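These notes are about the structure you will find just below.
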Amino acid sequence: MNIAVDSDAPLLSLEQRKRARNVGFSLVFLGLVSAFLLAGRPGNAGFKLVDTYTVFLPAQPFARALAVALVALGAIQLFRGFGKWTNVVLAIATGTFVIAFLTWAASGGSFSLTGMLQDTVTRSVPITLGAIAGILCERSGIINIAIEGQLLGGAFAGAVVGSLYGPWAGLLGAIAMGVGLSAILAVFAIRFRVDQVIVGFAINFFSLGLTSFLAQRVLTPHPEYNIVRPFTPYAVPLLSKIPVIGVVLFTQTLFVYVSIIAVVVSTWFLYRTRWGLRTRAIGEYPQAAGTLGVDVIKLRYRNVWIAGAVAGLGGAWWPLGTVGRFDQNITNGRGFIALAAVIFGRWHPVGALTAALVFGLSEAIQLKMSNLDTGIPSEFLLMAPYIVTLIVVAGFVGRSRAPKAAGQAYDASK
Amino acid sequence: MKKLFNKVGERLNRVSSMKLTLLAVLSALIVGAFIIIVSDVDKLKNGDIVGAFSTVGSAYWALVVGSFGSLRAISNTINSSTPLILCGVSVAIAFKAGLFNIGATGQMLAGGMASLWVGFAMNGPGIIQVPLAVLAGAIGGAAFGAIPGILKARTGAHEVITTIMLNNMMAFFILWMLKTDLFQREDRTDPISKLVTAQGRLPRLFGFLDGRSDLVAHAGFFVALGAVAAYWWFLKKSTTGFEFRAYGLNADAATYAGMHVKRLTVLAMVFAGAVAGMAGAAEVLGTYGYASANFAGNIGFDAIAIALLGQSSPLGTLFAAILFGALQAGGRQMQANSDVPIDLIVVLRALIVMFIAAPLLVKSIWRTKSATISAGQTFRGWGS
Numbered sequence: 002m003n004i005a006v007d008s009d010a011p012l013l014s015l016e017q018r019k020r021a022r023n024v025g026f027s028l029v030f031l032g033l034v035s036a037f038l039l040a041g042r043p044g045n046a047g048f049k050l051v052d053t054y055t056v057f058l059p060a061q062p063f064a065r066a067l068a069v070a071l072v073a074l075g076a077i078q079l080f081r082g083f084g085k086w087t088n089v090v091l092a093i094a095t096g097t098f099v100i101a102f103l104t105w106a107a108s109g110g111s112f113s114l115t116g117m118l119q120d121t122v123t124r125s126v127p128i129t130l131g132a133i134a135g136i137l138c139e140r141s142g143i144i145n146i147a148i149e150g151q152l153l154g155g156a157f158a159g160a161v162v163g164s165l166y167g168p169w170a171g172l173l174g175a176i177a178m179g180v181g182l183s184a185i186l187a188v189f190a191i192r193f194r195v196d197q198v199i200v201g202f203a204i205n206f207f208s209l210g211l212t213s214f215l216a217q218r219v220l221t222p223h224p225e226y227n228i229v230r231p232f233t234p235y236a237v238p239l240l241s242k243i244p245v246i247g248v249v250l251f252t253q254t255l256f257v258y259v260s261i262i263a264v265v266v267s268t269w270f271l272y273r274t275r276w277g278l279r280t281r282a283i284g285e286y287p288q289a290a291g292t293l294g295v296d297v298i299k300l301r302y303r304n305v306w307i308a309g310a311v312a313g314l315g316g317a318w319w320p321l322g323t324v325g326r327f328d329q330n331i332t333n334g335r336g337f338i339a340l341a342a343v344i345f346g347r348w349h350p351v352g353a354l355t356a357a358l359v360f361g362l363s364e365a366i367q368l369k370m371s372n373l374d375t376g377i378p379s380e381f382l383l384m385a386p387y388i389v390t391l392i393v394v395a396g397f398v399g400r401s402r403a404p405k406a407a408g409q410a411y412d413a414s415k
Numbered sequence: 037m038k039k040l041f042n043k044v045g046e047r048l049n050r051v052s053s054m055k056l057t058l059l060a061v062l063s064a065l066i067v068g069a070f071i072i073i074v075s076d077v078d079k080l081k082n083g084d085i086v087g088a089f090s091t092v093g094s095a096y097w098a099l100v101v102g103s104f105g106s107l108r109a110i111s112n113t114i115n116s117s118t119p120l121i122l123c124g125v126s127v128a129i130a131f132k133a134g135l136f137n138i139g140a141t142g143q144m145l146a147g148g149m150a151s152l153w154v155g156f157a158m159n160g161p162g163i164i165q166v167p168l169a170v171l172a173g174a175i176g177g178a179a180f181g182a183i184p185g186i187l188k189a190r191t192g193a194h195e196v197i198t199t200i201m202l203n204n205m206m207a208f209f210i211l212w213m214l215k216t217d218l219f220q221r222e223d224r225t226d227p228i229s230k231l232v233t234a235q236g237r238l239p240r241l242f243g244f245l246d247g248r249s250d251l252v253a254h255a256g257f258f259v260a261l262g263a264v265a266a267y268w269w270f271l272k273k274s275t276t277g278f279e280f281r282a283y284g285l286n287a288d289a290a291t292y293a294g295m296h297v298k299r300l301t302v303l304a305m306v307f308a309g310a311v312a313g314m315a316g317a318a319e320v321l322g323t324y325g326y327a328s329a330n331f332a333g334n335i336g337f338d339a340i341a342i343a344l345l346g347q348s349s350p351l352g353t354l355f356a357a358i359l360f361g362a363l364q365a366g367g368r369q370m371q372a373n374s375d376v377p378i379d380l381i382v383v384l385r386a387l388i389v390m391f392i393a394a395p396l397l398v399k400s401i402w403r404t405k406s407a408t409i410s411a412g413q414t415f416r417g418w419g420s
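These protein sequences, in sequence, are chains A and B.
One rule links them: number in our numbering = place in the first sequence (from 1) + 1.
One rule links them: number in our numbering = place in the second sequence (from 1) + 36.
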């Protein structure tokens with residue numbers, strides 16, 4: 002046998018090759034879009050970075066330069082491939098494309114880039130926390146479809162308890178509510194071995210129904226139970242003085258700091274502690290872990306409770322981080338976006354954070370666009386976050402591998 | 037002799053599973069009563085406990101009267117059940133193939149708009165136009181349902197993500213469509229569509245009764261019953277239905293047996309979309325006669341609870357949908373008669389699903405002995 006094997010070329014599965022091809026085509030496509038659509042507007046676009054400093058980018062030359070670069074990158078990807086650098090190239094290309102798009106939209110005017118990024122981070126909070134709640138559950142083998150319900154319950158408890166006893170108490174109330182709702186999930190799924198998807202959905206309905214019911218029956222006649230003073234942004238000493246980054250990351254409400262900490266802690270917890278190792282083990286093969294003496298049932302309970310606390314905290318973001326009140330169905334499907342972020346982020350907290358930021362960014366851009374006169378109907382701008390998620394999931398993420406035992410009740414006797 | 041025993045045993049099992057269902061509903065009603073009493077803040081503050089209890093009585097009485105107490109109530113129940121049955125079947129079909137169709141809402145919107153277009157643009161005799169419009173709804177829903185199916189088969193993108201995203205996209209797309217000249221009503225500035233022509237409407241079931249324009253039930257109900265029957269036939273008698281079940285139960289086995297699982301994925305979503313699209317057609321052509329931005333409401337989500345409750349079987353789904361429809365119709369009466377908000381029925385539905393899903397719990401509460409009901413089959417999970 003004399004088959005020459007190029008040892009440098011990695012062996013790719015059919016699917017990987019397909020994905021690589023998709024990446025190449027998308028780069029070329031983005032290049033064509035910027036050549037023909039984005040290069041159509043003359044004038045400079047101003048991006049305000051700090052109050053005293055605005056960067057001006059010439060819209061047309063920028064879009065043309067980008068077009069050439071993108072098509073070139075796409076061609077390289079199609080004919081040669083970037084290998085392990087593909088994702089980096091793609092991220093840089095997409096980022097530059099977004100800037101070109103903003104330049105096109107803002108040409109002849111200016112807007113605050115820093116404000117938009119700050120908004121991005123703020124809006125990603127409930128999705129990040131919700132997704133971490135999902136990850137903690139699913140890593141231990143419990144599918145958590147009830148994120149939406151837990152967020153909503155947290156929002157309600159945060160508003161009511163916060164109105165009665167102040168925002169810090171509201172935070173605790175939201176956490177307690179999150180834990181309470183996840184306790185239902187835990188008891189039904191672990192103790193009674195009910196199909197986890199059924200319980201999860203039932204909790205979503207229960208939470209939606211109960212909070213709407215109570216809002217209408219109690220909060221409407223008693224508005225004094227539904228007015229809370231939200232947390233104000235806190236500027237971290239020194240760090241908040243850094244230009245741009247200081248405003249984006251370090252002049253935020255408590256929630257942003259908490260969610261960043263949550264990502265760090267949960268990553269460390271899952272991959273660097275004994276608890277985390279066991280959690281991942283019982284999510285993959287509980288029987289084996291059980292044989293080795295891990296108390297599967299107890300560990301699952303604990304993970305689901307912690308997840309509930311995190312989700313309740315995420316729900317408190319609505320009343321205590323933004324509007325200072327609760328409205329019926331205030332979460333409006335964000336819990337399902339968080340569920341998508343779990344899968345999108347491949348059951349890793351950092352991946353989930355990335356997904357949440359992508360979603361937050363497209364939402365923030367949409368808000369900014371509606372202030373600029375671009376001629377794009379507002380409905381299409383509102384669609385943008387969902388289109389972006391769909392394209393990313395379908396085109397670049399593809400099949401992802403879930404914890405193997407997620408969804409299966411544990412029965413030690415089997 | 038043994039055969040006879042088996043038969044009797046089977047009979048008893050069926051009775052006891054009926055008993056468990058009733059006990060589950062009863063448990064849900066008791067928890068609901070508790071919620072009504074506790075939330076009566078003003079009466080409880082004044083120490084009027086009797087008053088708080090009597091609210092429960094009047095609320096639940098209104099629930100019964102509003103759902104089955106009169107011809108009008110029955111008509112309302114039928115009307116509320118119609119889209120629930122269709123969407124319930126849509127979710128159930130997907131479950132059978134191991135897929136989780138959260139996208140019934142979007143498919144319903146797509147189908148509704150397609151049938152709306154036929155409904156106002158065509159001006160033919162009803163007997164041709166109405167079936168055509170319903171067919172258009174099915175095609176619209178099927179086309180929209182095909183998207184997550186194709187995406188899953190080709191790229192592996194999970195249908196839970198894609199259908200949620202498509203739902204949201206469709207909602208905004210409809211908002212935009214309703215403002216275009218093609219769809220928007222001529223004299224309006226808000227997003228509301230032109231009216232379906234009089235012959236293009238689905239005929240009302242009680243249209244033969246003179247002067248009873250309050251009986252809103254329409255022939256969409258028969259479409260829904262037809263869909264249930266077709267679903268039954270499909271599952272039990274057709275080859276593709278068999279492949280669906282095999283694929284849903286064990287994807288690997290189905291693959292090794294030579295079934296085209298990619299084709300099955302797409303087909304399941306197309307069928308699910310078609311049925312959900314007909315639900316949209318029923319709402320647009322029957323209930324409203326036009327389309328507004330959120331004519332799909334929460335039906336697509338309720339349908340998930342219905343399919344779970346009915347364990348994705350044709351009859352189970354039908355009964356679950358009628359139960360949910362009756363609660364819907366009764367809930368409106370309840371909100372009008374007592375000051376208990378209609379959102380209570382969402383709580384009741386959730387509790388019923390929970391209790392039925394956990395027979396062990398119900399049995400331990402009521403200290404009854406009976407056979408367990410098999411757990412409902414849901415989707416395959418995140419993996420494949």
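We put the beta carbon where it would ideally sit given N, CA and C, even for glycine.
All values reported here derive from a predicted model rather than from experimental measurement.
So residue i and residue j are in contact, right, with Cβ under 8 Å, and what is the actual spacing, rounded?
i                      : j                      : result
residue 40 of chain A  : residue 64 of chain A  : 4 Å
residue 180 of chain A : residue 313 of chain A : 6 Å
residue 95 of chain B  : residue 72 of chain B  : 6 Å
residue 176 of chain B : residue 147 of chain B : 4 Å
residue 380 of chain B : residue 124 of chain B : Their Cβ separation, rounded to whole angstroms, is 21 Å, which puts residue 380 of chain B and residue 124 of chain B out of contact at 8 Å.
residue 218 of chain B : residue 327 of chain B : About 12 Å; that fails the 8 Å criterion.
residue 120 of chain A : residue 358 of chain A : 11 Å between Cβ atoms; not a contact.
residue 208 of chain A : residue 154 of chain A : 5 Å
Put residue i into one of helix, strand or coil per three-state DSSP.
i                      : result
residue 195 of chain A : coil
residue 96 of chain B  : helix
residue 143 of chain A : coil
residue 47 of chain A  : strand
residue 57 of chain A  : strand
residue 180 of chain B : helix
residue 255 of chain B : coil
residue 230 of chain A : coil
residue 371 of chain B : helix
residue 253 of chain A : strand
residue 109 of chain B : helix
Cβ of residue i less than 7 Å from any chain B Cβ?
i                      : result
residue 131 of chain A : no
residue 294 of chain A : no
residue 287 of chain A : no
residue 327 of chain A : no
residue 410 of chain A : no
residue 87 of chain A  : no
Beta-carbon separation of residue i and residue j under 7 Å?
i                      : j                      : result
residue 119 of chain B : residue 317 of chain B : no
residue 173 of chain B : residue 313 of chain B : yes
residue 257 of chain B : residue 163 of chain B : no
residue 140 of chain A : residue 280 of chain A : yes
residue 411 of chain A : residue 295 of chain A : no
residue 44 of chain A  : residue 55 of chain A  : no
Flag residue i as yes if its beta-carbon sits less than 7 Å from any beta-carbon of chain A, otherwise no.
i                      : result
residue 412 of chain B : Its pLDDT being 42, under 50, residue 412 of chain B is placed unreliably by the model, and nothing is read from it.
residue 291 of chain B : no
residue 184 of chain B : no
residue 409 of chain B : Low confidence applies here, because residue 409 of chain B scores a pLDDT of 47, under 50, leaving its location unreliable; read the following figure in that light. Judged by the 7 Å Cβ criterion, residue 409 of chain B is not in contact with chain A.
residue 73 of chain B  : no
residue 382 of chain B : yes
residue 379 of chain B : yes
residue 172 of chain B : no
residue 208 of chain B : yes
residue 77 of chain B  : yes
Open item on the list: Just to confirm the assignment: which complete beta strand (DSSP E) runs, minimum length 3, are found wholly within the segment 140-190 of chain B?
Closed with: none
Task: Length at least 4, wholly inside the segment 270-295 of chain B: the alpha helix (DSSP H) runs in chain order - done: 275-285 and 287-292
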